[in-house]
Each structure stands twice: as C-alpha cells, then as structure tokens.
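Student: First, the structure itself, so that you have it in front of you.
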Amino acid sequence: MAAAPLTLSPALVEAAQVSTAWPFEEARKLVARFAKAPKAGPVVFETGYGPSGLPHIGTFGEVARTTMVRNAFRLLTEDKVPTRLIAFSDDLDGLRKVPDNVPNKELLAQHLGRSLTSVPDPFGTHASFGEHNNARLRGFLDQFGFDYEFVSSTEMYRSGAFDATLLIALERFDAIQAIMLPTLGEERRATYSPFLPVHPESGVVMQVPIEERHVDRGTIVWRDPASGTRYETKVTGGHAKLQWKPDWAMRWTALGIDYEMAGKDLIDSVTQSSKICRALGGTPPEGFNYELFLDEKGQKISKSKGNGLTIEEWLTYASPESLSLFMYQQPKSAKRLFFDVIPRNADDYLTFVEKYPGQDDKARLMNPAWHIHAGNPPVVDVPISFSMLMNLVSVSNAEDRGVLWGFIRRYAPDASAEKNPKLDELAGYAVRYFHDFVKPTKVYKAPDAVERQALEALSAALAALPAGVSAEEVQAAAYDVGRAVPRYQDLKAKGATPEKPGVSSEWFGAIYKILLGQERGPRFGSFAVLYGLAETRALIAKALAGEFAAA
C-alpha cells in the first residue's frame, strides 16, 4: 500500500524546518545526509524483527516510531523524495532456546539450532515457527495501517538477493575479523567466524571455526564437531548465513538502508555493524538508540519471556492510537509498559486530538496527534474522559457499555453510540479495564467523625442546588463545604485569606477513598453531574451507612 498523502502548505513546511519534535530532529539527519551525498532512488527506512518469539509491543513501537520519522522527512522534503519502509524479519536465524509463552514446547526443543523457518510451528497454523510469528507481525502492522514492505531473511538469502554482498564479505573476511575479534572474549575469539554454515543434513545453523576460505569458488570449509566430517559450503543461496553483527551490516549494504533505530542494548552492535558496513563498501544508516520498555518489576521486556504487555492486551483496554501515543512520548527514556499506563495514555490521546484544530502550524507539529496520524488527525467528539467513565462503571456496577449510556446521555443529551462511535468504544474499554484491574484492588475507607460530618454537609449542599446545575457550580459547592472544615483548609493556597482559605487536596482525596475506594478520582463536579446529584447523594448515604467499607 502507498504511503498516505501528507497535508502540505508552505507555512507547515517552514514550521517543520525548526520544529523540535524528536521525529523532525531525526529526519533532519537524513536531509543533511543527502545534501552531502545525493542518492538515486528512494530513501530506505528499516525496522528489524527477530521472530524467535511472538511479536510484542516493543516490536510495534519500532515500526511506529520509524514511521513517525519517515513522515517528518516527507514533510521536510515536501514529499518530493520517495521513501520505503522495510520490516525485516531475521527468520533464517537458528532457534537458540524454547520461548516460555508458546504451546508444544517439546516439539520446539527437538529442533533447537535450526533456522526459524525450518522449525515446525507449535501453534499448528503455519509451515514453520518463523512463518507463524511473521504472520502475527504482519497482521498487527496491517491492522494499524502501516505502509511497509515485509522482507524475510530466509527469502533474501535463498533467492540470491544477498549473494553479491555475501561474496564481498567472504573476500573481506579478514577485515571483518579485525573488527569483531577485539570485541570478543578469548574463548570465543578462538572459534569465531562471521559465516555460519547451515548443516546440509541436520539443517542446524552451525557455529563452528572456518578452516578454509575459497573466494574464487565462493565457499567455506568447516568440520562437524560431532562427527568430524569435513564440509565445503557455498556462502550464497542460503547455504550459510552471517553472524548477527556482520549480518546487520551486510543487510544495510545490500538493501541500501538509510535509517534504522535500535534499542539502547544494541549500542555496541550498531557501532561494530557500522564499521563492518564500511568495510563492505556501504554507508551505515542514520538512527538513534531508544530506551527499553520495562515490565511491572522494572525488568526489560522480552519476546521469549512474554513478561510485557502483548499487543492484544493493550487493544483489549484501549485504542490503537493510545498505544501510538505511548510510543511517541519520550523515546529516549525508559518507561514501564504495564496495564497501569493505559488509562493515562487513553485520556492524553483524546486531549491532544481535541487541541489540534485550534493550534497553529508550529504547535501542530509539536502535537503527538500529527505524528500518530501522519498529519491528518481525525475530529473526535468525546465529551467524557476514560478515567471518568471508569469511575462511572464503579458506582453504577455496569457490566456493559449500555448501562453507561444512560448516564452519558444525561451529561451529553445529544450523544449516542451511532453519532459518537469513539465514545462508545471508550465506554467498552472502560468497562473491561475497570472490572479486570480496578475493581479487584479497591479498598474503601470508613469515614472518621470529621469526614462523616463533611460528607453530610456535602450531601446537603448538593440537595440545595437547582436542577440543571453545571459541573463548575457543583465543584464550587464542594469547595465551599471543604473550606468550612479546618482539616481541609489551606491558608497557603494562591489567593487564600483567613476569611476565605483555600481547600487542600486532602478533602477530595477523602471523597475518592470513601465513595470510590481509590486514592485518586475525577473532578468531583463533573462526576456528580454525570452520575446525577440524587445518585451522588445516595452514594454518600451508602458510604455513611458503612456499606462500602464493610464490603
């Protein structure tokens, strides 16, 4: 599929030249690169995937972020320079260990060392484990509408597409060794070879010393350590593959890769592969090293461990766009990638999209919505936040989004599932997220004497408000109640006086803990109007009667 057209204007292009949004800073590296050395043909972006485990959100993140840089480059060059994005799968790599999160582990254990595209699929849906994982990756990228070209290492090696560069690598074997050997331990140096022959009988990708090289025949000679049998193997046609760092360099050279980012854990690999790329006659790509995602325990997430959020899990509880926002934000900072980050990203995404139409060109390019939607954010009408909807689920005991719509229409009479599909979608996410993650952790606080008196006063204040009161008026009434209680007075607040003190956050914290069973909550005025003043008073009455804390 072709890349979506960008909205271009002279003012927007001019704003892009000075934008400090990180995708533009990255894209300017490419502009400078081709100013020095113009290139015939498209600018090629690449992302890599190791299909030894199921695709995870980190895999998606690399494609999403690279796409953001690609779109920034397109705007900087007024979309006059053709571009390609390659999603490369290193599926000729040998299976080194059995992943933790797959079925039929015994089946995989029988094929350790063989190329991933030669290992049977433990799921039973594809011809090989590598093809199964590749399909999972493509399915997800297609679901998000990414413009990319999927490239399989197995197909490139076996088709001969890499042959010319592999023969250069064989010719410059010693130069590659001179780069790699100083980075290895003594034991590994003794046996290291950039070429890994594929065993002609077992199909295992062999890590063995190379005894002879024949550049004229394009072959390497090696010995099977188990049988002592000596083999002469072509380095072309998929009969051998390169070790990881030489392979990366070979790929950059053969495919003419201009931009590829990588995780912080691959800084050394980028350094060594760049040296090898130059030794092969290529030019290393531009790029940067992003920080890694961490699980709930602060450990690096891993495809084989399956210890991070899966793609499917995020999309069970929030929109694809909220995931894209998570990827956009602070790529050079380590971030926890766990369920508790979902609500904030769901709400922040809506905030950014709502702000976009009223912003000037400079602000739009700093808005994540431009990068998430390639310069064409949708118009979204969602008058109620994700966090507010979750609190509404909490007090209404809603089991499905239909129950929520009765309350939503009170707050926004003209809203409907048909006219506001994003709001309906958000309501469904809120129900699922609340019941799976919030409800099991709720701990209601029993009110003490001061809190009891304050809540009784709050209920009376709500009863005194007229019909059709606004959220701001309800919020003001709640402030007035808190202001009258010494415990909640804040004389240091801006504009506070002894006659009219400010109100500390402790007052609203008490409301959340006693009525909602949580440390934080929505803006009280908005919540009360949405839920209903009578219903809010009934909620207070139940809390004061001990129905919640007793539970």
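Residue numbering for the sequence shown follows the numbering used here, beginning at 1269 and increasing consecutively.
Glycine included, C-beta positions come from ideal geometry on N, C-alpha and C.
What you are looking at is a predicted structure, and each value in this text was computed from that prediction instead of being measured.
1) Check the C-beta distance from Met-1474 over to His-1467 and give it rounded, since I have them as a contact under 8 angstroms.
2) So does the stretch 1323-1340 actually touch the stretch 1361-1375, counting three or more Cβ pairs closer than 8 angstroms?
3) Taking the alpha helix (DSSP H) that Lys-1297 belongs to, which residues open and close that run?
4) Determine the DSSP secondary structure at Ser-1357, reduced to helix, strand or coil.
5) With H, G and I counted as helix, E and B as strand and the rest as coil, what does DSSP make of Thr-1315?
6) Can you give me the start and stop residues for the alpha helix (DSSP H) that Thr-1804 sits inside?
7) If you reduce the DSSP assignment to three classes, tell me which class Pro-1273 lands in.
8) DSSP on Lys-1568, reduced to helix/strand/coil?
9) Determine the DSSP secondary structure at Thr-1487, reduced to helix, strand or coil.
10) Run the CB neighbour count on Asp-1615, radius 10 Å, all protein chains shown included, and call it buried at 16 or more, exposed below.
11) Exposed or buried, Ala-1745, counting other C-beta atoms within 10 Å across all chains shown (16 or more means buried)?
12) Thinking C-alpha only, which one of Asp-1415, Glu-1559, Lys-1297 is nearest Leu-1272?
13) Hey, out of Leu-1344, Lys-1509, Glu-1480, Pro-1514, whose CA is closest to Phe-1302's CA?
14) Run through DSSP, which three-state label would Glu-1417 get?
15) Which two residues bound the contiguous beta strand (DSSP E) that contains Glu-1559?
16) DSSP on Tyr-1712, reduced to helix/strand/coil?
17) Phe-1463 bridges to which residues according to DSSP?
18) Nearest-angstrom Cα distance between Glu-1787 and Leu-1726?
19) Pick from Met-1595, Ile-1808, Ala-1494, Glu-1581: whose alpha carbon is nearest that of Glu-1719?
20) Which partner residues does Ala-1530 have in the DSSP bridge list?
21) Measure from the alpha carbon of Lys-1513 to the alpha carbon of each residue in Leu-1523, Pro-1350, Thr-1539, then state which is nearest.
22) Taking DSSP as the reference, what is the three-state secondary structure of Glu-1480?
23) Beta-carbon separation of Thr-1521 and Gly-1555 under 8 angstroms?
24) For a quick check, are the C-beta atoms of Ala-1717 and Leu-1657 less than 8 angstroms apart?
Tutor: Taking the definition as stated:
1) Locating residue 1474 in the sequence shown gives position 206, counting from the first residue. Locating residue 1467 in the sequence shown gives position 199, counting from the first residue. Yes, Met-1474 and His-1467 are in contact; Cβ-Cβ is about 5 angstroms, under 8 angstroms.
2) The stretch 1323-1340 and the stretch 1361-1375 do not touch, with fewer than 3 CB-CB distances between them shorter than 8 angstroms.
3) Here residue 1297 is taken as the residue at index 29 of the sequence shown, counted from 1. That run of the alpha helix (DSSP H) goes 1290-1304.
4) Within the sequence shown, residue 1357 is the residue found at index 89, counting from 1. Here DSSP, grouped into helix, strand and coil, assigns Ser-1357 to strand.
5) Within the sequence shown, the letter at position 47 stands for residue 1315. In the displayed model, Thr-1315 falls within a strand according to three-state DSSP.
6) To locate residue 1804, count along the sequence shown from 1; it is residue 536. Here the alpha helix (DSSP H) through Thr-1804 covers 1801-1812.
7) Counting from one through the sequence shown, the residue named residue 1273 turns up at place 5. If DSSP states are grouped into helix, strand and coil, Pro-1273 belongs with coil.
8) Mapped onto the sequence shown, residue 1568 falls at position 300. Lys-1568 sits in a strand when the DSSP states are folded into three classes.
9) Residue mapping note: residue 1487 aligns to position 219 of the sequence shown, counting from 1. Strand at Thr-1487.
10) Position 347 of the sequence shown, counting from 1, holds the residue named residue 1615. Its Cβ being crowded by 16 or more others within 10 Å, Asp-1615 is buried.
11) Reading the sequence shown from its first residue, position 477 is the one you call residue 1745. Ala-1745 is classed as buried because its beta carbon has at least 16 other beta carbons within 10 Å across all chains shown.
12) In the sequence shown, residue 1272 corresponds to position 4, counting from 1. Correcting the residue type first, residue 1272 is Ala in the shown sequence and not Leu. Considering only alpha carbons, the answer is Asp-1415.
13) Within the sequence shown, the letter at position 34 stands for residue 1302. Closest option to Phe-1302, Cα to Cα, is Leu-1344.
14) Residue mapping note: residue 1417 aligns to position 149 of the sequence shown, counting from 1. Annotated three-state conformation of Glu-1417 is strand, per DSSP.
15) Start at 1 with the first residue of the sequence shown, and residue 1559 comes out as number 291. Per DSSP, Glu-1559 belongs to no beta strand (DSSP E) and is neither H nor E.
16) Within the sequence shown, the letter at position 444 stands for residue 1712. Three-state DSSP puts Tyr-1712 in coil, outside helix and strand.
17) For the purposes of this step, residue 1463 is taken as residue 195 along the sequence shown, with counting starting at 1. Answer by DSSP bridge pairing, in chain order: Leu-1510.
18) Residue numbering aside, residue 1787 sits at position 519 when the sequence shown is read from its first letter. Residue numbering aside, residue 1726 sits at position 458 when the sequence shown is read from its first letter. One C-alpha to the other measures close to 19 angstroms.
19) Here residue 1719 is taken as the residue at index 451 of the sequence shown, counted from 1. Out of Met-1595, Ile-1808, Ala-1494, Glu-1581, the CA that lies nearest to the CA of Glu-1719 is found in Ile-1808.
20) Start at 1 with the first residue of the sequence shown, and residue 1530 comes out as number 262. Answer by DSSP bridge pairing, in chain order: Asn-1557.
21) Stepping through the sequence shown from its first residue, residue 1513 is reached at position 245. Lys-1513 has its Cα closest to that of Thr-1539, out of Leu-1523, Pro-1350, Thr-1539.
22) If you number the sequence shown from 1, residue 1480 lands on position 212. Note: Glu-1480 maps to strand in three-state DSSP.
23) As a working mapping, residue 1521 is identified with position 253 in the sequence shown. As a working mapping, residue 1555 is identified with position 287 in the sequence shown. Result no, Cβ atoms of Thr-1521 and Gly-1555 do not sit closer than 8 angstroms.
24) Looking up residue 1717 in the sequence shown gives position 449. Looking up residue 1657 in the sequence shown gives position 389. Ala-1717 places its beta carbon 8 angstroms or farther from that of Leu-1657.
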